[in-house]
Each structure stands twice: as C-alpha cells, then as structure tokens.
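Peer 1: Going by UniProt numbering, the sequence shown opens with residue 1, and the numbers climb by one from there.
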Amino acid sequence: MSLLHLAILSPFLLAIAVPILYKHIRSVHTGWFVLGLPVILFTYFFRFLSATQNGETVAESFAWIPSLNVSFDVYVDGLGLLFALLITGIGSLVVLYSIFYLQKEKERLGSFYTFLLLFMGAMLGVVLSDNLIVLYTFWEFTSLSSFLLIGYWHHRERSRYGAQKSMLITVLGGLAMLGGFVLLYIMGGTFSIRELIGQADSLFEHPLFTPALLLVLLGAFTKSAQFPFHIWLPDAMEAPTPVSAYLHSATMVKAGIYLVARMSPIFAESGVWLWLIASFGIATLFWGSFSAVKQTDLKGILAFSTVSQLGLIMSLLGVGAAALHYESIGENVYMVATVAAVFHLINHATFKGTLFMVVGIIDHETGTRDIRKLGGLMAFMPITFTIAVIGAFSMAGLPPFNGFLSKEMFFTGMVNVLNMDIFNLDAWGILFPVLAWIGSIFTFVYSMIVVFKVFGGKHQPDKLERTPHEAPLGMLISPVILASLVIIFGIFPNLLSGTLIEPAVASIIPSLLDGEFHVHIGFWHGFTPELFMTIGVIAIGILLYLTVPRWKKVYYALPEAWSLNRLYDKTIELAERASIWVTRLFMTGFIRSYLVYIFLFFIISLGFTLYWQDAFKLDTDNTAPIRMYELILAIIIAIGSVAILFVKSRLTSIILLGAVGYTVSLFYVLFRAPDLALTQLIIETISVALFLLCFYHLPKINLKEERMTFKLNNALISLGVGVIIALIALSAHSNKLFDSIASFYLENSYKEAGGKNVVNVILVDFRGLDTMFEITVLGIAAIGIYSLIKLRMTRGREADENK
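1) Please confirm whether VAL216 and LEU259 have their CB atoms less than 8 Å apart.
2) Can you give me the Cβ contacts of LEU82 inside the same chain, cut-off strictly under 6 Å, excluding the 5 residues immediately before and after it?
3) Pick helix, strand or coil for TYR152, following the three-state DSSP scheme.
4) Among VAL293, GLY403 and GLY300, which one has its Cα closest to the Cα of ASN347?
5) Alpha carbon to alpha carbon, how far is LEU657 from LEU716?
6) With H, G and I counted as helix, E and B as strand and the rest as coil, what does DSSP make of TRP612?
7) Which residues bound the beta strand (DSSP E) around TRP64?
8) Using the Cα positions of SER305 and LEU298, report the straight-line distance between them to the nearest angstrom.
9) Using a Cβ-Cβ cutoff of less than 8 Å, which residues in the same chain neighbour GLY376 once the five nearest sequence positions on both sides are dropped?
10) Can you tell which of TYR446, LEU213 and ASP621 has the C-alpha that lies nearest to the C-alpha of GLY541?
11) What first and last residue would you give for the beta strand (DSSP E) that runs through ALA59?
12) Pick out whichever of SER649, VAL596, THR620 and PHE667 has its Cα sitting closest to the Cα of ASN713.
13) Please return the same chain residues whose Cβ sits closer than 7 Å to the Cβ of ARG372, not counting the five positions on each side in sequence.
14) If I follow the unbroken beta strand (DSSP E) through VAL417, where does it start and stop?
15) To the nearest angstrom, report how far apart PHE227 and PHE523 are at their CA atoms.
16) For GLN680, is the classification buried or exposed, using 16 other Cβ atoms within 10 angstroms of its Cβ as the cut-off for buried?
17) Short check: CB of ARG720 to CB of ILE637, under 8 Å?
18) For a test of the three-state rule: what should DSSP assign to ASN54, helix, strand or coil?
19) Over the uninterrupted beta strand (DSSP E) stretch that includes VAL74, give me the two end residues.
20) Going by CA-CA distance only, name the one from SER641, ALA51 and LEU49 that's closest to SER718.
21) If I measure Cβ to Cβ from ALA753 and keep anything under 6 Å in the same chain, skipping five residues before and after, which residues do I get?
22) Taking the alpha-carbon positions, what's the TRP232 to ALA689 distance?
23) Just confirm the distance between the C-beta atoms of VAL486 and THR350, as a whole number of angstroms; I'd bet it's less than 8 Å.
24) Nearest CA to the CA of LEU495: which residue from ILE508, SER478, HIS518 and GLY151?
25) Can you give, in chain order, each stretch of the alpha helix (DSSP H) that sits fully within the UniProt domain "MrpA C-terminal/MbhE" (713-790) and has at least 4 residues?
26) Hey, how far is the Cα of GLY158 from the Cα of GLN53?
27) Between ALA220, GLY219, GLY189 and ILE193, which has its C-alpha nearest HIS206's C-alpha?
28) Less than 8 Å between the beta carbons of LEU213 and TRP273, yes or no?
29) If you count every other CB in all the chains shown that lies within 10 Å of the CB of LEU355, and 16 or more means buried, which is it?
30) Based on Cα-Cα distance, which residue from ALA575, GLY367 and LEU730 lies nearest to HIS469?
31) Three-state secondary structure (DSSP) at ASN270?
32) So, at 6 Å on beta carbons, what are the nonlocal neighbours of LEU247 in its own chain, with the 5 sequence-adjacent residues on each side left out?
33) Do the region 477-485 and the region 414-433 meet, that is, are 3 or more Cβ pairs less than 8 Å apart?
34) Going by C-alpha distance, which of VAL307, ALA322 and ASP73 is nearest PHE191?
35) Measuring CB to CB, does PRO242 end up less than 8 Å from GLY391?
36) Would you say PRO493 and LEU405 are within 8 Å of each other, going by their C-beta atoms?
Structure, rendered in structure tokens:
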C-alpha cells in the first residue's frame, strides 16, 4: 500500500483514536489533536502541484478483490488534486473554527470529530479513486458520515428529520449511480474510469449507454442538490455551523459536481448529457436564488444560495461539454464554460465558507439567526461585518472580488450557447442566458440581505438572547483567511490559472492535452454583453432589494401544500402507512403463522420452478443398492418422527427427537463420514440438554385442557414440504449438469491449503468467508441473548428494590 493510499485512509485511522483521546484527555479540546492531520494532508497534496501542471498523473494500485476486478486504484490528476486541496484545506480551517465554536464542556466532541474525520476520508476516497466500485463505497461513506453530522444534535427533532431526509435522498441517488456503474462495466468490461474514458467512442454506440448516463446523473443530482432533489439541503442546516461550512459549501455537495466533471469525457458525446446537466443546472440556479430571498433564517438563505451556486456550476459543466464536439480546441470559445465552472468551484468554496462561518459567529454571539431580530450589528462586530461584506459581495458578483470574475465568465459561457449549432441549442439556447441573468439578479438581492439586514438598520437588543459583541480571535482566524483568499484570487486570479484551473480543465476535456492550452483571467474585456448584463444585475438588484416588502407576496402565490417538501413528507407518510398495513397482515405475533407463510412460499416457489423448468428427473442408474440395516435405520427415523406428533409428555418428545438425531448420525458412520457423525452427536447432545433445561421451566401440560386435534391445513403444508424436499433431492441427484466438485477438493486440499481433513479445509479455507459470516451471526445472536438476559435481571433487581 502506497503513501497515497495511506493519505486517504489516515482520517479513518485517526477517527478510531479520537474517542479514546476524548475520553482520557478532557483538559484539552479534542480538535487540537485532529487539526494536525488535515494540515499535513494539505501539505502532502500541495506537493503534487508541479506534477499536475506538467500534465502528469500520479497513480497507485492496491489489489482488493481481484476476482471481481475490483482494486483500490487511486490517481492524482488536475481535477482530483483540486478537490483534494479543497477537502483538506477547508477541512483544516473548519477544524480550527470548531475548536472555538464548540465548547468542550457542553458538546460530545469525540463523536463530532470522529464523524468529521470519517467524512474527510470518504471525500478523499471519492475524488482520488479510479475504480468505480471503490468510488461508490466512499460515496456511500459520505452519505453515512454526513447523516451522522447533520443529526449530531440528535435530541432536536429537526436535526433528526434533516439527517433522515438527506440520507434517504442521497442514498437513493447513490443506488441509482451504482446501477449506472454496473452498466458501464457491462459495456466496457472494466471498472477503471481511465480505461472507460479510453473507450468513450465505442461506449457511445452501446444500447446501454443512455440508461447508464441517466443513472449516473441521478446520483450526481441528488448529491449536489439539483432541482427537484435540492429539498434535503435546507433541512441539513440543522447541523452545527462548522458542518455546514464544510459539507454544504466546499465538499459533500461538490461530490456530484466532481462526478459530472469526471464522467464528462465518457458521456459528453451524447446530447442528452449536455441538455440534462445544463437545463437542470440553470433551473436549479434560478429556483435556488429565487427561494433564498424569502428566507428569514441566515442559514436558510445560505442553504438556498448554495443550491443556486451549485446549479450555476452544474450548468457550466453542461454547456462546457459542447467543447468536446468541436475539432479546433485551441480556438474553441466553448471551453470557457468549463474554465468558469472550475474557477467558480474554487471561488464558491472561499466566499461561501466565509459566510457560513460569519453566520456561526452571529448565532454564537447573539443567540439567533433570524434576520427579523437582527440589525445594527456593524457597530458591535466591525471585523465580522468586514468579513461578511467581502463574502457577500463576492457571492453577488461584484468587483474586485473573485466571484465577479467567475460570474463574468459564467455569463460568457451562457452567451456562447447562442452560437452553438448542435443539439438544437441554436433554437432553445436563448433560455440559458436569460435564466442565468434572472438568477443572478436574485443572487444579488439575497447577498445584500445577508449584509445590510443583519449589520445595517436598527439594533433590536430586546429581541436578542445575548448582548452582541465581536467574536474571539480564534473564531475569526478561519473566516479571515478565507476572506483574504477571496480578495487575493480576485485581484490576482492568474495565481490559479496555471496551477489549478488548467490541469483541472484538461482532466475534464482530455483533448486539451494534445495542444497549447492556457487560461488567462482578467477584469476588463471591453464593452461586452457580459458587462451590460452585470450592470443590469446591479441596477435591477438594488431596486428589488429596496422594494422587497412590496413584491414578496409573490412567494405566497403557490400553496404550501403544493411544495416539494410537502410532497416528500406525504410520500414518506404514505410509505410508512403502507408498510404498517402490509406488516400487520403477516406479523400476527404467532410463530406458527410465520412458519405457515414461510413453508407456503417454499412449496409454491420451488414447486413452480420444478414444473416450469421441467427439472424433475429420476435416474437410478448410478445409485447403490439399499442395504437392510439402512432400511431399518430409515424406518426408525420415520417412526420416531411420527411418534413425536402423538405423545403427550414433553420429556418423551425430547427423547424421541434426540433418538431421530442420533439415528441420523449412524447414517454418517455407515457412509464413512466420521467427522460429520461426531458433529451430529455433539449437536444432538447439546440440543437435548438445552431442550430439557428450557422445558423444565415451562408450565406443566394440562392433559384435560389441551387436546390435540387434527388440522388439515397443517397436514397438507407438512406433506407439501416433505414432498418438495424429496423431489429436489431426487432431481439434484439425477440431474448432473457438471462434474462433481469433490475431486477438486480432494486434489487441492493438501496441496493448496496444507490440510488433510478435506471438510475442515473446505470450511476454513475454500469457504472461509461463509464460515466467518456464520460465526459473526452466531456472535451477534449471542450478544443479543446476553443483552436480553441482562436486561431481565436488571429489571428484576429494580422490582425487588421498589418493593
């Protein structure tokens, strides 16, 4: 295993140690022990910058499940490195912020940092994995760890609701994505992303291409909160603010963005890919920005702003896919959209992380996030106000901040759609710049609300839980660093051009590696349509901001009952009712009822299969003659089994049952299987002893009250099971579809496993996983039984004490 593998797994390893540190070292905030890891990882990944700038890829492989063509292959290219730096860099700042935000006396810090590290490692695994199955494994780890982080304050009903909602939606998309990965494997014969990219032309002709595309996009859209799956993100804001700053601005919600960018070289040949990503992205941008304005909770505003910004990036990746359809890449203006997507990905992480931390400071120092209660904080929190202005103005797309540059490039990408002559974009392409412009206007409005509704206006001390004051220095360090990056990347954007943006874009559009490709970002490009669009955004945005109370009634035109959240709640409610109704049909509380269901299903399914496949066959050519003592043993077993049904004494029933088992063990002796005979004898002895022990404590049978009656239903089911088992046994013996595997075990047991006892070798080596899982099941059952006994004993002691 390489150092690169260790870098991905190190957060998981530290997550194991965090609870121990938290338990034994309470005098120091646990975050100080965690902070070093993301800093080290950021430094480690930073070393790959020179390699990716030169178009190199660092790859490592580790065999995991070779028989299934699944290996832990990881590689670092421009796109993977960009995300790795965001994950570890923002992660370092979030951990530092958490140290001062979360009080060690009140919070379960061991759990918090364990979940955070699990998420960090899962995200690194997603963005650096080459094998699709490994990527999916880490993908679901992000869903699980984010569920735990969102529900961190599990005593709050809204936290549990938000965690469940995010889990259901993202896991549903993840399962669909897994289906897409399986289809890609069927088409390409490999789980390697790089190998699939090399087969892109042939994959496009396969009939499973479009189904795979749709399934992969479903996973990406649910993870990155694209309309209509965006409804989980606002409810996820119930998580602590450091979680929101990390998961919902820079990392988890960008996983879908990453997936689309990574899979673009495979699917971009299809117009369906371009249209779906671009249209869903632009719709998400519009709806997210429009919905953000009506929110009254600061984190609610930022949640919908994140939705809109994710839609912006997604639409750029969709439009940027058109660059793969033009031959002259060096002169291709359509790759501007992809460049803008990568640039805005970085910018969004900086300004949105800044704003989430600002909101955390406001909540921490005033006790509320409700903008109706806030106002006039500029005088009390001047540093926080300055940071908020930088973050919000960048989000609004105002100069000289980095958000202005990527927003201008966004407008350029959308305007270029008008010149595209593929996939009917020349007819319907006008919708993209129009919706982009309208969405940007609402983005401007909610950005102004974040700043001026909170820090301007009238101070309302009677509505605040705490007297506002500036945050402590430790809580300001992280947002100050991010705000500084907003300014630096805005004034010197080309610091990112050759180091991060060009390698990442080349990973999305591999043909760029064949020619000269350079990114240069500047503030002034003359009097272009994009400039006039920006002027219009500012002018109309100011007007709308000043008149919000007059036109805000438009939000109430759509009844709440028609909302997507209401649809989700009703769907979950109906599913719960349906499951209860179905469960009550067969969960009667009687074991005999459950056995009836099981045996009926057994008889019908297997009997129908035998009939449908015409599988019953009776072949006695290769059977040995039945000897007299074998017949006698069979008669004894039959008599003992039938006698159990008619005896009145429990003790007699147990003895007869044991006699049947011991007689079966004699068959093993006759058939030269002494190890099986010994196992059978041991099991029967233990079973008889346990039965006697259990029935000793049961009440005595009252022969006058309990009369055994013949039940035709039970008799028919019993007879049916016996007949089906006999037919399957005879058919299995008579249908020899392939040679027996016995010879293989006999020849290889000693040679391959070093054991002379074939049965033991089969159980321990050839079928070792089966044995391990069986032991695990028995262990879980034992723990369950022990817990029940202990619980009963505890209740007994409590009852005695209360007497």
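Just so you know, even glycine gets a beta-carbon here, dropped at the ideal spot from N, CA and C.
Peer 2: For this structure:
1) What you label residue 216 is simply residue 216 of the sequence shown in a count that begins at 1. What you label residue 259 is simply residue 259 of the sequence shown in a count that begins at 1. Against a cut-off of 8 Å, the Cβ pair of LEU259 and VAL216 comes out as a contact.
2) As a position in the sequence shown, residue 82 is number 82, starting the count at 1. These residues qualify, in order along the chain: LEU500 and ALA504.
3) As a first step, residue 152 is located in the sequence shown; it is residue number 152 there, counting from the start. Three-state DSSP puts TYR152 in coil, outside helix and strand.
4) Position 347 of the sequence shown holds residue 347. For ASN347, the nearest C-alpha among the options comes from GLY403.
5) As a working mapping, residue 657 is identified with position 657 in the sequence shown. As a working mapping, residue 716 is identified with position 716 in the sequence shown. Spanning the two alpha carbons is a distance of roughly 22 Å.
6) Along the sequence shown, one-based indexing puts residue 612 at 612. Helix at TRP612.
7) Locating residue 64 in the sequence shown gives position 64, where the first residue counts as 1. Looking at the DSSP string, the run of the beta strand (DSSP E) that includes TRP64 is 63-65.
8) Here residue 305 corresponds to residue number 305 of the sequence shown, with the count starting at 1. Here residue 298 corresponds to residue number 298 of the sequence shown, with the count starting at 1. Answer to the nearest angstrom: the Cα atoms are 11 Å apart.
9) Indexing the sequence shown from 1 puts residue 376 at position 376. Once the five neighbours on either side are set aside, the close Cβ partners of GLY376 are PHE455, GLY456, GLY457, LYS458, HIS459 and GLN460.
10) Against the sequence shown, residue 541 aligns to sequence position 541. Answer by Cα proximity: TYR446.
11) The residue labelled residue 59 in the question sits at position 59 within the sequence shown. Note, ALA59: beta strand (DSSP E), 58-60.
12) Taking the first residue of the sequence shown as 1, we reach residue 713 at position 713. The residue with the shortest Cα to Cα distance from ASN713 is VAL596.
13) As a working mapping, residue 372 is identified with position 372 in the sequence shown. So the list reads THR296, once near-sequence residues are dropped.
14) Here residue 417 refers to the residue found at position 417 of the sequence shown. It is not in any beta strand (DSSP E) - VAL417 carries neither H nor E in the DSSP assignment.
15) Numbered from its first residue, the sequence shown carries residue 227 at position 227. Numbered from its first residue, the sequence shown carries residue 523 at position 523. The straight-line gap from Cα to Cα measures roughly 32 Å.
16) Your numbering for residue 680 matches position 680 in the sequence shown. Classification of GLN680: buried, given that the 10 Å Cβ count is 16 or more.
17) Here residue 720 is taken as the residue at index 720 of the sequence shown, counted from 1. Here residue 637 is taken as the residue at index 637 of the sequence shown, counted from 1. The question names Arg, yet the displayed sequence has Gly at residue 720. Cβ distance not < 8 Å, so GLY720 and ILE637 don't count as in contact.
18) Counted from its first residue, the sequence shown places residue 54 at position 54. In the structure shown, ASN54 sits in coil (DSSP, three-state: anything other than H, G, I, E or B).
19) Walking along the sequence shown from the start, residue 74 turns up at place 74. Here the beta strand (DSSP E) through VAL74 covers 74-76.
20) For the purposes of this step, residue 718 is taken as the residue at position 718 of the sequence shown. Of SER641, ALA51 and LEU49, the residue nearest in Cα terms is SER641.
21) Here residue 753 refers to the residue found at position 753 of the sequence shown. Once the five neighbours on either side are set aside, the close Cβ partners of ALA753 are VAL761 and ASP765.
22) Counting from 1 along the sequence shown, the entry for residue 232 is found at position 232. Counting from 1 along the sequence shown, the entry for residue 689 is found at position 689. Cα to Cα, TRP232 sits roughly 55 Å from ALA689.
23) Mapped onto the sequence shown, residue 486 falls at position 486. Mapped onto the sequence shown, residue 350 falls at position 350. VAL486 to THR350, Cβ: 5 Å. Contact.
24) Locating residue 495 in the sequence shown gives position 495, where the first residue counts as 1. The option with the nearest alpha carbon to LEU495 is HIS518.
25) 742-753 and 758-761
26) Position 158 of the sequence shown holds residue 158. Position 53 of the sequence shown holds residue 53. For the record, residue 158 in the displayed sequence is Arg; it is not Gly. Taking the straight line joining both Cα atoms gives about 46 Å.
27) On the sequence shown, residue 206 is found 206 positions in, with the first residue counted as 1. When each option's Cα is compared against that of HIS206, the closest is GLY189.
28) Translated into the one-based positions of the sequence shown, residue 213 becomes position 213. Translated into the one-based positions of the sequence shown, residue 273 becomes position 273. Taking 8 Å as the Cβ cut-off, LEU213 and TRP273 qualify as a contacting pair.
29) Here residue 355 refers to the residue found at position 355 when the sequence shown is read from its first residue. Buried, because 16 or more other Cβ atoms sit within 10 Å of the Cβ of LEU355.
30) On the sequence shown, position 469 is the one that residue 469 refers to. It is GLY367 whose Cα lies nearest to the Cα of HIS469.
31) The sequence position of residue 270 within the sequence shown is 270, counting from 1. What sits at residue 270 in the sequence shown is Ser, not Asn. Correct three-state label for SER270: coil.
32) Here the question's residue 247 lines up with position 247 in the sequence shown. Taken in chain order, the residues that qualify are SER146.
33) no
34) On the sequence shown, residue 191 is found 191 positions in, with the first residue counted as 1. Among VAL307, ALA322 and ASP73, the Cα nearest to that of PHE191 belongs to ASP73.
35) As a working mapping, residue 242 is identified with position 242 in the sequence shown. As a working mapping, residue 391 is identified with position 391 in the sequence shown. In this structure, GLY391 does not lie closer than 8 Å to PRO242 by Cβ.
36) Numbered from its first residue, the sequence shown carries residue 493 at position 493. Numbered from its first residue, the sequence shown carries residue 405 at position 405. Cβ atoms of PRO493 and LEU405: closer than 8 Å.
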